[in-house]
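The listed protein sequences derive, respectively, from chains A and B.
Just so you know, we're using the numbering used here here: the first sequence kicks off at 20 and counts up by one.
Just so you know, we're using the numbering used here here: the second sequence kicks off at 20 and counts up by one.
Glycine included, C-beta positions come from ideal geometry on N, C-alpha and C.
What you are looking at is a predicted structure, and each value in this text was computed from that prediction instead of being measured.
Here the structure comes first, spelled out in structure tokens, and everything after it is commentary.
2 protein chains.
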Amino acid sequence: MPKVRTNPGGAATDLHLGALDREAGGPLHRQIERSIRAAVREGRLAVGSSLPPSRVLAASLGVSRGVVVAAYEQLVAEGYLTSQAGGYTRVSAGPQAAPAAAPAPPPRRPAAVVDFGYGRTDVSQFPRAAWLRSLRRVLTEAPSEHLGYTSGQGDPRLRAALAAYLNRVRGTVADPDDIVVCAGYAQAVNLIISVLAADPGPRRPIAVEDPSGNDDVWPLARAAGFALAGVPVGEHGIDVPALGTLDAEALVLTPSHQWPTGGVLSAEARAAVVRWAQRTAALVVEDDYDAEYRYDRAAIGAMQGLAPDRVAYLGSASKTLAPGLRLGWMLLPRRLVAPVTAAKVLADRGSPAIDQLALADFLDAGELDRHLRRMRPLYRRRRDALLSALARHLPDFRPAGVAAGQHLVAWLPPGLTEEAAERAAARVGVGVYGIRQYRLNAPGPQGLIFGYASLSERTIAEGVALLAGALP
Amino acid sequence: MPKVRTNPGGAATDLHLGALDREAGGPLHRQIERSIRAAVREGRLAVGSSLPPSRVLAASLGVSRGVVVAAYEQLVAEGYLTSQAGGYTRVSAGPQAAPAAAPAPPPRRPAAVVDFGYGRTDVSQFPRAAWLRSLRRVLTEAPSEHLGYTSGQGDPRLRAALAAYLNRVRGTVADPDDIVVCAGYAQAVNLIISVLAADPGPRRPIAVEDPSGNDDVWPLARAAGFALAGVPVGEHGIDVPALGTLDAEALVLTPSHQWPTGGVLSAEARAAVVRWAQRTAALVVEDDYDAEYRYDRAAIGAMQGLAPDRVAYLGSASKTLAPGLRLGWMLLPRRLVAPVTAAKVLADRGSPAIDQLALADFLDAGELDRHLRRMRPLYRRRRDALLSALARHLPDFRPAGVAAGQHLVAWLPPGLTEEAAERAAARVGVGVYGIRQYRLNAPGPQGLIFGYASLSERTIAEGVALLAGALP
Numbered sequence: 020m021p022k023v024r025t026n027p028g029g030a031a032t033d034l035h036l037g038a039l040d041r042e043a044g045g046p047l048h049r050q051i052e053r054s055i056r057a058a059v060r061e062g063r064l065a066v067g068s069s070l071p072p073s074r075v076l077a078a079s080l081g082v083s084r085g086v087v088v089a090a091y092e093q094l095v096a097e098g099y100l101t102s103q104a105g106g107y108t109r110v111s112a113g114p115q116a117a118p119a120a121a122p123a124p125p126p127r128r129p130a131a132v133v134d135f136g137y138g139r140t141d142v143s144q145f146p147r148a149a150w151l152r153s154l155r156r157v158l159t160e161a162p163s164e165h166l167g168y169t170s171g172q173g174d175p176r177l178r179a180a181l182a183a184y185l186n187r188v189r190g191t192v193a194d195p196d197d198i199v200v201c202a203g204y205a206q207a208v209n210l211i212i213s214v215l216a217a218d219p220g221p222r223r224p225i226a227v228e229d230p231s232g233n234d235d236v237w238p239l240a241r242a243a244g245f246a247l248a249g250v251p252v253g254e255h256g257i258d259v260p261a262l263g264t265l266d267a268e269a270l271v272l273t274p275s276h277q278w279p280t281g282g283v284l285s286a287e288a289r290a291a292v293v294r295w296a297q298r299t300a301a302l303v304v305e306d307d308y309d310a311e312y313r314y315d316r317a318a319i320g321a322m323q324g325l326a327p328d329r330v331a332y333l334g335s336a337s338k339t340l341a342p343g344l345r346l347g348w349m350l351l352p353r354r355l356v357a358p359v360t361a362a363k364v365l366a367d368r369g370s371p372a373i374d375q376l377a378l379a380d381f382l383d384a385g386e387l388d389r390h391l392r393r394m395r396p397l398y399r400r401r402r403d404a405l406l407s408a409l410a411r412h413l414p415d416f417r418p419a420g421v422a423a424g425q426h427l428v429a430w431l432p433p434g435l436t437e438e439a440a441e442r443a444a445a446r447v448g449v450g451v452y453g454i455r456q457y458r459l460n461a462p463g464p465q466g467l468i469f470g471y472a473s474l475s476e477r478t479i480a481e482g483v484a485l486l487a488g489a490l491p
Numbered sequence: 020m021p022k023v024r025t026n027p028g029g030a031a032t033d034l035h036l037g038a039l040d041r042e043a044g045g046p047l048h049r050q051i052e053r054s055i056r057a058a059v060r061e062g063r064l065a066v067g068s069s070l071p072p073s074r075v076l077a078a079s080l081g082v083s084r085g086v087v088v089a090a091y092e093q094l095v096a097e098g099y100l101t102s103q104a105g106g107y108t109r110v111s112a113g114p115q116a117a118p119a120a121a122p123a124p125p126p127r128r129p130a131a132v133v134d135f136g137y138g139r140t141d142v143s144q145f146p147r148a149a150w151l152r153s154l155r156r157v158l159t160e161a162p163s164e165h166l167g168y169t170s171g172q173g174d175p176r177l178r179a180a181l182a183a184y185l186n187r188v189r190g191t192v193a194d195p196d197d198i199v200v201c202a203g204y205a206q207a208v209n210l211i212i213s214v215l216a217a218d219p220g221p222r223r224p225i226a227v228e229d230p231s232g233n234d235d236v237w238p239l240a241r242a243a244g245f246a247l248a249g250v251p252v253g254e255h256g257i258d259v260p261a262l263g264t265l266d267a268e269a270l271v272l273t274p275s276h277q278w279p280t281g282g283v284l285s286a287e288a289r290a291a292v293v294r295w296a297q298r299t300a301a302l303v304v305e306d307d308y309d310a311e312y313r314y315d316r317a318a319i320g321a322m323q324g325l326a327p328d329r330v331a332y333l334g335s336a337s338k339t340l341a342p343g344l345r346l347g348w349m350l351l352p353r354r355l356v357a358p359v360t361a362a363k364v365l366a367d368r369g370s371p372a373i374d375q376l377a378l379a380d381f382l383d384a385g386e387l388d389r390h391l392r393r394m395r396p397l398y399r400r401r402r403d404a405l406l407s408a409l410a411r412h413l414p415d416f417r418p419a420g421v422a423a424g425q426h427l428v429a430w431l432p433p434g435l436t437e438e439a440a441e442r443a444a445a446r447v448g449v450g451v452y453g454i455r456q457y458r459l460n461a462p463g464p465q466g467l468i469f470g471y472a473s474l475s476e477r478t479i480a481e482g483v484a485l486l487a488g489a490l491p
């Protein structure tokens, strides 16, 4: 209702209602409803106060009485007003304080000029045109029943496309029946942990690499009541002899490129992990988080292919395409397919249908291969720029885990701590981040994580030069 | 590797490898890897058995020795083979039994000719062209940063579009800061229950309407350790006096169109529910599941507008557009926004970015209003066809809850049970479903739920006629 003019002396003014705008569109009674509702909410009409008889308000507003009656009835139905004996209409709901303004966000440190933060896939390279082509084909061609409630496990067409892709590119043993589609890695471990937690047996810990990602498995396992057991990580991934004495429900592992230190688990170690898992009836959760980005040699096949009944393989489109897609997949030992699907149904009924079909089309059309062929040299050049800059400006930093992925670790020279490096970097607008927050128990050398995927070669070189100049 | 011909007497035959196909594309060493990997997996190469020296296999296959060395090295890295002192290469991983075939699905009863099952939005009417236009605009125009990791709470553009839509159409008091985007109703109640469960105080029950939907709140609340308290439902929604004595953490409510019985909670009852919630510090969870489909009068404003600090309002695109979109929203009391967002981040990091932006564009362009204007008369005609058919063929059935939604309930005449009606209907290929599975504790009359949204008027009439002919 416009705030243009009032009707002096009339009932509408008592109600602080503006005049009706007959040009505004929408029925007149809706305009009246809206005004009264606002007056109640804002406290201009107190609880218990009477409204003018409908006849009086109608005359005041110059509308027929039926219009006001309709407005009152609607507001009675909504609980703002009550009709009382004698034809009185009163305000029955109290005003609501306007929601308090959101607290001011905490002061942020000045934005880094060059931020080597991890996890920043270069989304400016997202293949928008190809993705739109897949969406168009899906919306043009997919039968309507695909748009109904999803199956929980995932659309069969996507599961078939994923099985073909993973068997071809990742050396898995994948049957579409053993795949569950999900919203990405975080949801995958969430669902698997919830299934493990539902097991009535004694609850063994969940083992993680130490250091490892701290924002999904750690809080999820703890929230589900599991203890965390850290398995120390060395140059070549986890310390397998340390597994020997461990009795764990599951081991979450990044065998092809340990996160964050970049080690590759050796063949012997992989076989030993599988033997351990078979001996102790543990589940190996293989986080294949950046398998598609290896630069200096062929990709290493997934561990899942060695022991499909012991390994749950998890992948997603977050690193290869864009995190915002929220599409991931699990390739599971068959005994876990039904319970994980049930957990997915309870969590969100299943992943979005159109997105799933678009990814299936995108995979089947070879677009993911094409995109990866384009991205690998781009990321490789950025990695090379980072390695050159480190060699030039910070020759006593020791880079590790450089063969793959979207980040590397640089071990620091003696006497330089992660905190000191972070602080010095921040002073010159460079964001670098130590490993310590990813360490569960095992101590280890001081190191910084450099994410490079979304930075240009020039920015990378500048950032390292700035950092070198700022260090004590 | 093709199964065309073998190389008699050579090492390749010992390995049961087929000949190399130089036309097949892909490097030769990858073909060899694939064959050996398959032989190990299928058990044709036993654990511990030796492979031929690379020189011998190379000669046998007619390739250079380097090709075989590369293949062996890759398989060593993957853990299938080990290199041993003296240059021997052995199989180190055991074969995996092929995954057991999936068990045959249980025999299904013959598909119903006419299925009045609930929850079948007519997805054949999904506005594909308009949705594709929104997707195209998003993929053409949205800045890349929207494709990165999502915020958990939801894209600001969608939250602003939803607040405007809900305030206009549903009479809510919505600020974009109080909205959390999610995957639909099931995820919304999942997240809210997980937040309530994290409260350290004594755990009060979660109250639900009796009868009510049995496949989300019931199992989720129980899994989180809450008792369920049923509030009996009458002709006009829940029995509010029964609330008086109830001490519950939350009350899950369908005030505008009780599910499944269709009652509308009166103004007095709404105000009383709010007073109860304020007195007992309970949360009212308002499931506004089919607010957009009212046929005989204007929509009733959401309860949230009466008490934004006590009511969590839940809506989704599942009934208005398509369940397969998996897009829903929560409008929360401000104190719940941060914990529910944190729960969403842990669950799946946030809803898909492109879908969120597409819905924002779709809402801002007025496409949802347009779609609803098109769908209301369509569903209304189907409802009218159902009411006519019931009046004609089953005049002693008493329809209820007919003013809105995508289903109605028909109360059965004395002497006819839900089971008897279901069985008789199934014999003639008609699917109808009793209320009893949705009753928690409170007894109530016998009734059948008729979903009509995805059936043509003709099919509806035929189905009711068939049912009438089949009843005892």
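> Can the beta-carbon of residue 472 of chain A be found closer than 8 Å to that of residue 139 of chain A?
Replying inline: In the first sequence, counting from the first residue as 1, residue 472 of chain A sits at position 453. In the first sequence, counting from the first residue as 1, residue 139 of chain A sits at position 120. Yes, Cβ-Cβ distance for residue 472 of chain A and residue 139 of chain A is below 8 Å.
>> Is there a Cβ of chain A sitting closer than 8 Å to that of residue 373 of chain B, yes or no?
In response: Counted from its first residue, the second sequence places residue 373 of chain B at position 354. The Cβ of residue 373 of chain B sits closer than 8 Å to at least one Cβ of chain A.
>> I'd like the span of the beta strand (DSSP E) that includes residue 83 of chain B, first residue to last.
In response: Looking up residue 83 of chain B in the second sequence gives position 64. It is not in any beta strand (DSSP E) - residue 83 of chain B carries neither H nor E in the DSSP assignment.
> Which residue's Cα is closest to the Cα of residue 444 of chain B: B:135, B:351, B:177 and B:350?
Replying inline: Working through the second sequence from its first residue, we reach residue 444 of chain B at position 425. The shortest Cα separation from residue 444 of chain B among B:135, B:351, B:177 and B:350 belongs to B:135.
> Quick one: what's got a C-beta closer than 6 Å to residue 87 of chain B's C-beta in the same chain, skipping five residues either side?
Replying inline: The count along the second sequence starts at 1 and reaches residue 87 of chain B at position 68. The beta carbon of residue 87 of chain B sits closer than 6 Å to the beta carbons of 73, 76 and 77 from its chain, once the five residues preceding and following it are set aside; these are given in chain order.
> So what's residue 305 of chain B in DSSP terms, helix, strand or just coil?
Replying inline: Translated into positions along the second sequence, residue 305 of chain B becomes position 286. When secondary structure is reduced to three states using DSSP, residue 305 of chain B falls in the strand class.
>> Let me see if you follow: with CB-CB separation under 8 Å, is residue 399 of chain A close to chain B or not?
In response: As a working note, residue 399 of chain A is residue 380 in the first sequence. It does not: the Cβ of residue 399 of chain A has no partner Cβ on chain B nearer than 8 Å.
> Is it true that the stretch 269-282 of chain A meets the stretch 294-304 of chain A, where meeting means three or more beta-carbon pairs spaced less than 8 Å apart?
Replying inline: The stretch 269-282 of chain A vs the stretch 294-304 of chain A: in contact.
> Quick one, are the C-beta atoms of residue 428 of chain A and residue 468 of chain A less than 8 Å apart?
Replying inline: Against the first sequence, residue 428 of chain A aligns to sequence position 409. Against the first sequence, residue 468 of chain A aligns to sequence position 449. Yes. Within cutoff.
> Residues bridged to residue 438 of chain A by DSSP?
Replying inline: To locate residue 438 of chain A, count along the first sequence from 1; it is residue 419. Answer is none; residue 438 of chain A lacks a bridge partner.
> So which residues of chain A does residue 366 of chain B contact, with C-beta pairs closer than 9 Å?
Replying inline: Indexing the second sequence from 1 puts residue 366 of chain B at position 347. From the beta-carbon of residue 366 of chain B, the residues of chain A found nearer than 9 Å are 202, 205, 206, 209, 366 and 367.
>> Against chain A, with Cβ distances strictly below 8 Å, would residue 93 of chain B count as a contact?
In response: For this step, residue 93 of chain B is matched to residue 74 along the second sequence. Look at residue 93 of chain B: its C-beta is under 8 Å from a C-beta on chain A.
> In chain order, what residues of the same chain have a beta carbon less than 6 Å from the beta carbon of residue 328 of chain B, not counting five sequence neighbours either side?
Replying inline: As a first step, residue 328 of chain B is located in the second sequence; it is residue number 309 there, counting from the start. The beta carbon of residue 328 of chain B sits closer than 6 Å to the beta carbons of 352 from its chain, once the five residues preceding and following it are set aside; these are given in chain order.
> Name the residues in the stretch 163-194 of chain B whose C-beta lies less than 8 Å from a C-beta of chain A; which are they?
Replying inline: So the close ones are 163, 164, 165, 166, 167, 168, 169, 190, 192 and 194.
> In chain order, what residues of the same chain lie with their CB nearer than 7 Å to the CB of residue 458 of chain A, ignoring the 5 residues before and after it?
Replying inline: Counting from one through the first sequence, the residue named residue 458 of chain A turns up at place 439. These residues qualify, in order along the chain: 229 and 230.
> If the cut is a Cβ gap below 8 Å, which residues of chain A does residue 143 of chain B touch?
Replying inline: What you label residue 143 of chain B is simply residue 124 of the second sequence in a count that begins at 1. The answer, in chain order, is 163.
>> So with CB distances below 9 Å, who are the chain D contacts of residue 440 of chain B?
In response: The question asks about chain D, but that chain is absent: this structure's protein chains are A and B.
> Relative to the alpha-carbon of residue 440 of chain B, which residue among B:426, B:383 and B:416 has its alpha-carbon at the smallest distance?
Replying inline: Counted from its first residue, the second sequence places residue 440 of chain B at position 421. Out of B:426, B:383 and B:416, B:416 has the C-alpha closest to the C-alpha of residue 440 of chain B.
> Comparing alpha-carbon positions, which option in A:461, A:199, A:430 and A:342 lies nearest residue 182 of chain A?
Replying inline: Counting from 1 along the first sequence, the entry for residue 182 of chain A is found at position 163. Looking only at A:461, A:199, A:430 and A:342, the smallest Cα-Cα distance to residue 182 of chain A is reached by A:199.
> Considering only residues of the stretch 199-260 of chain B, which uninterrupted alpha helix (DSSP H) runs meet the minimum length of 4 residues and lie entirely inside it, listed in chain order?
Replying inline: Listed in chain order, the complete alpha helix (DSSP H) runs (minimum 4 residues) inside the stretch 199-260 of chain B are 204-216 and 236-242.
> Mind pulling the chain A residues with CB within less than 7 Å of residue 150 of chain B?
Replying inline: In the second sequence, counting from the first residue as 1, residue 150 of chain B sits at position 131. Scanning chain A for C-beta atoms nearer than 7 Å to the C-beta of residue 150 of chain B yields 158, reported in chain order.
>> Against residue 287 of chain A, what residues of chain B qualify as contacts under a CB-to-CB distance less than 7 Å, listed in chain order?
In response: Here residue 287 of chain A is taken as the residue at index 268 of the first sequence, counted from 1. Within chain B, the residues near residue 287 of chain A are 101.
> What residues in the stretch 336-348 of chain A bring their beta carbon closer than 7 Å to a beta carbon of chain B?
Replying inline: Listed in sequence order: 341, 342, 343, 344 and 345.
> Taking all protein chains shown into account, do 16 or more other C-beta atoms lie within 10 angstroms of the C-beta of residue 274 of chain A, making it buried, or fewer, making it exposed?
Replying inline: What you label residue 274 of chain A is simply residue 255 of the first sequence in a count that begins at 1. The residue in question, residue 274 of chain A, is buried, as its Cβ has 16 or more Cβ neighbours within 10 Å.
>> Below 8 Å on C-beta distance, what does residue 239 of chain B contact in chain A?
In response: Position 220 of the second sequence holds residue 239 of chain B. Taking the beta carbon of residue 239 of chain B as reference, the chain A residues within 8 Å of it are 365, listed in sequence order.
> Going by beta carbon distance, what residues of the same chain come within less than 8 Å of residue 290 of chain A, once the five residues before and after it are set aside?
Replying inline: Against the first sequence, residue 290 of chain A aligns to sequence position 271. The beta carbon of residue 290 of chain A sits closer than 8 Å to those of 325, all from its chain and outside the five residues before and after it, given in chain order.
>> I'd like to confirm the pairing. Which residues does DSSP put opposite residue 469 of chain A in its beta bridges?
In response: One-based indexing of the first sequence puts residue 469 of chain A at position 450. DSSP lists A:427 as the beta-bridge partner residues of residue 469 of chain A.
> CA-CA distance, residue 47 of chain B and residue 94 of chain B?
Replying inline: To locate residue 47 of chain B, count along the second sequence from 1; it is residue 28. To locate residue 94 of chain B, count along the second sequence from 1; it is residue 75. Counting only the Cα atoms, residue 94 of chain B lies some 14 Å from residue 47 of chain B.
> If you count every other CB in all the chains shown that lies within 10 Å of the CB of residue 311 of chain B, and 16 or more means buried, which is it?
Replying inline: The residue given as residue 311 of chain B occupies position 292 in the second sequence. Answer is buried; the Cβ neighbour count reaches 16.
>> Short of 8 Å Cβ to Cβ, which residues in the stretch 306-318 of chain B face chain A?
In response: Result list: 317.
>> Any beta carbon of chain B sitting closer than 8 Å to that of residue 450 of chain A?
In response: Looking up residue 450 of chain A in the first sequence gives position 431. False, the Cβ-Cβ gap to chain B never drops below 8 Å.
> residue 394 of chain B versus chain A: which residues are under 8 Å apart at the beta carbon?
Replying inline: As a working note, residue 394 of chain B is residue 375 in the second sequence. Chain A residues near residue 394 of chain B: none, gap ~14 Å exceeds 8 Å.
>> Quick check: is the beta carbon of residue 109 of chain B nearer than 8 Å to any beta carbon in chain A?
In response: Taking the second sequence and counting its residues from 1, the one referred to as residue 109 of chain B is at position 90. Judged by the 8 Å Cβ criterion, residue 109 of chain B is not in contact with chain A.
> How many angstroms separate the CA atom of residue 419 of chain B from the CA atom of residue 308 of chain B?
Replying inline: Residue mapping note: residue 419 of chain B aligns to position 400 of the second sequence, counting from 1. Residue mapping note: residue 308 of chain B aligns to position 289 of the second sequence, counting from 1. The C-alpha of residue 419 of chain B lies about 17 Å from the C-alpha of residue 308 of chain B.
>> Taking beta-carbon pairs under 7 Å, can you tell me which members of the stretch 453-466 of chain A lie near chain B?
In response: So nothing in the stretch comes that close.
>> For residue 222 of chain A, would you say it is in contact with chain B, using Cβ-to-Cβ distances shorter than 8 Å as the test?
In response: One-based indexing of the first sequence puts residue 222 of chain A at position 203. For residue 222 of chain A, not one C-beta of chain B is nearer than 8 Å to its own C-beta.
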